[in-house]
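*Asks:*
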Amino acid sequence: MAQQLGFFQERQRRIVASAAGRIVYFPAVFSAVESVSLFETLLREIPWSSERMRMYEKIVDVPRLVAWYEPGQELPESLRIIKMRAEEVLAERFNGVSLNYYRDGADSVAWHSDHNEGLTKNPTVALASFGATRSMLFRSKAPPRRQLRCDLEPGSLLAMCGDIQQHWEHHIPKVRTPTDARISVALRTKAVTAVSP
Ligand SMILES: O=C(O)CCC(=O)C(=O)O
Numbered sequence: 062m063a064q065q066l067g068f069f070q071e072r073q074r075r076i077v078a079s080a081a082g083r084i085v086y087f088p089a090v091f092s093a094v095e096s097v098s099l100f101e102t103l104l105r106e107i108p109w110s111s112e113r114m115r116m117y118e119k120i121v122d123v124p125r126l127v128a129w130y131e132p133g134q135e136l137p138e139s140l141r142i143i144k145m146r147a148e149e150v151l152a153e154r155f156n157g158v159s160l161n162y163y164r165d166g167a168d169s170v171a172w173h174s175d176h177n178e179g180l181t182k183n184p185t186v187a188l189a190s191f192g193a194t195r196s197m198l199f200r201s202k203a204p205p206r207r208q209l210r211c212d213l214e215p216g217s218l219l220a221m222c223g224d225i226q227q228h229w230e231h232h233i234p235k236v237r238t239p240t241d242a243r244i245s246v247a248l249r250t251k252a253v254t255a256v257s258p
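Numbering (my numbering), first residue to last: 62 to 258.
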């Protein structure tokens with residue numbers, strides 16, 4: 062794997078950079094065969110759950126299924142493989158894993174940034190994608206609200222690093238055309254607080 066790291070670095074594509082951060086896309090971090098196998102395993106083995114959220118006056122279903130593993134929680138083999146590969150490519154360690162399962166084009170995630178969920182300051186958030194390709198949109202928080210798009214292909218890794226979450230939001234829009242399922246594995250570094258005895 063160490064030999065391949067240069068290969069991933071050469072193929073990386075910078076989507077955007079801020080003064081102290083960047084969003085970088087790495088295609089084919091997992092081979093096509095690995096991607097299919099990991100997608101099928103995650104679909105079968107992860108304990109997916111649906112969540113509800115308040116939207117204006119109503120309580121509605123979150124439009125995707127989710128799962129998560131806290132720091133210290135044992136990961137299934139498939140997630141250990143994904144986490145290890147992401148750590149090798151990015152030369153960073155992660156301790157929090159969450160998953161999103163977009164069943165079809167009607168599933169989505171709204172505009173948000175990831176900086177207030179018990180994460181370390183300016184955390185790297187890495188997203189590994191499996192299954193169908195979905196587009197991720199990015200928009201700057203400051204005017205003029207620049208918008209960019211990145212297609213997240215199966216087997217790819219997208220890394221949002223440094224202070225990028227302070228300046229940019231991201232979102233997976235719904236798509237109208239028939240779209241197969243996609244699973245994303247989000248790796249983060251959470252601040253672990255000592256629990257007093
Ligand atoms: O599905 C994705 O890759 C995006 C997930 C996301 O935005 C998040 O977990 O914060």
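The C-beta atom is built at its ideal place from N, Cα and C for all residues, glycine as well.
#1: So which of Leu-136, Val-97 and Val-123 has the shortest CA-CA distance to Ala-193?
#2: Among Gln-70, Val-186, Thr-102 and Met-145, which one has its Cα closest to the Cα of Ser-159?
#3: Out of Glu-118, Arg-125, Gln-226 and Cys-211, which has the shortest C-alpha to C-alpha gap to Ser-174?
#4: Which partner residues of Asp-122 appear in the DSSP bridge assignment?
#5: Considering only C-alpha positions, which residue in the set Pro-88, Ala-81, Glu-71 and Phe-68 is nearest to Asp-212?
#6: Please state whether DSSP places Phe-100 in a helix, a strand or coil.
#7: Following a CB-centred definition, is His-228 positioned closer than 8 Å to any heavy atom of ligand 1?
#8: So, at 6 Å on beta carbons, what are the nonlocal neighbours of Ile-197 in its own chain, with the 5 sequence-adjacent residues on each side left out?
#9: Taking DSSP's pairing of strands, which residues face Asp-212 in a bridge?
#10: For the alpha helix (DSSP H) that Glu-148 lies in, which residues bound it at each end?
#11: How many Å lie between Phe-69 and Ile-120 at the Cα?
*Replies:* According to the data block:
#1: Here residue 193 is taken as the residue at index 132 of the sequence shown, counted from 1. Of Leu-136, Val-97 and Val-123, the residue nearest in Cα terms is Val-97.
#2: The sequence position of residue 159 within the sequence shown is 98, counting from 1. Out of Gln-70, Val-186, Thr-102 and Met-145, Val-186 has the C-alpha closest to the C-alpha of Ser-159.
#3: To locate residue 174, count along the sequence shown from 1; it is residue 113. Of the candidates Glu-118, Arg-125, Gln-226 and Cys-211, the one whose C-alpha sits nearest the C-alpha of Ser-174 is Gln-226.
#4: Here residue 122 is taken as the residue at index 61 of the sequence shown, counted from 1. DSSP, once it has assigned bridges, lists Arg-113 as partnering Asp-122.
#5: For the purposes of this step, residue 212 is taken as residue 151 along the sequence shown, with counting starting at 1. Comparing Cα positions, the closest option is Pro-88.
#6: If you number the sequence shown from 1, residue 100 lands on position 39. Phe-100 falls in the helix class under three-state DSSP.
#7: Sequence index remark: in the sequence shown, residue 228 carries index 167 (1-based). Not under cutoff, so the answer is no.
#8: Looking up residue 197 in the sequence shown gives position 136. According to the sequence displayed, residue 197 carries Met and not Ile. Around Met-197: Cys-211, Leu-213, His-231 and Ile-233.
#9: In the sequence shown, counting from the first residue as 1, residue 212 sits at position 151. Ser-196, per the DSSP bridge assignment.
#10: Residue numbering aside, residue 148 sits at position 87 when the sequence shown is read from its first letter. Where Glu-148 is concerned, the enclosing alpha helix (DSSP H) stretches over 138-151.
#11: If you number the sequence shown from 1, residue 69 lands on position 8. If you number the sequence shown from 1, residue 120 lands on position 59. Roughly 43 Å between the two C-alpha positions.
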